[in-house]
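Counting along the sequence shown from 1, when you hit position 13 you're at 12 in numbering that gives the first Met the number 0, and nothing is skipped either side. Virtual Cβ for every residue (Gly too), placed ideally from N, Cα, C. What follows is one structure encoded as structure tokens, with my remarks underneath.
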Amino acid sequence: MKEIKLIKPVLAHGEEIHVLEMREPTGKDVRELGFPYTASGDAGVKMDAGVIAKYISRLASIPPSSVDEMQPSDLNIISWDIVGFFLGTSAQGSS
């Protein structure tokens with residue numbers, strides 16, 4: 000489980016959430032949602048915001064409407080954490 004402290008809390012399940020607890024994705028998650036990024040020709044990574052939003056909702060067990068409320072800076076931090084699960088760069092513990 001990875002904990003991510005939000006810069007701005009969001010409302011989920013009738014509660015204000017300050018810290019997201021995200022589990023690691025499984026093979027089933029990847030099969031159903033796809034990869035959250037594409038590799039570009041210059042060895043870069045292009046994140047897919049739509050797929051990442053689905054991963055946030057699923058891995059943190061929050062509704063899509065809560066993801067829609069997130070600050071762009073929180074989304075950016077969480078996006079890199081999610082991509083890190085796939086690229087082997089996700090740090091353990093809190094961000």
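- Only residues of its own chain outside the window of five on either side were considered, and among them Met21 have a CB closer than 6 Å to the CB of Lys1, listed in chain order.
- For Ile16, the enclosing beta strand (DSSP E) stretches over residues 14-21.
- In the DSSP assignment, Glu2 falls within the beta strand (DSSP E) that extends over 1-11.
- Contact check between the segment 23-42 and the segment 53-61: three or more CB pairs, one atom from each, fall below 8 Å, which counts as touching.
- DSSP places Ala42 in the coil class of the three-state scheme, outside both helix and strand.
- When the five nearest sequence neighbours on each side are left out, the beta carbons in the same chain lying within less than 8 Å of the beta carbon of Lys53 are those of Leu32, Pro63, in order along the chain.
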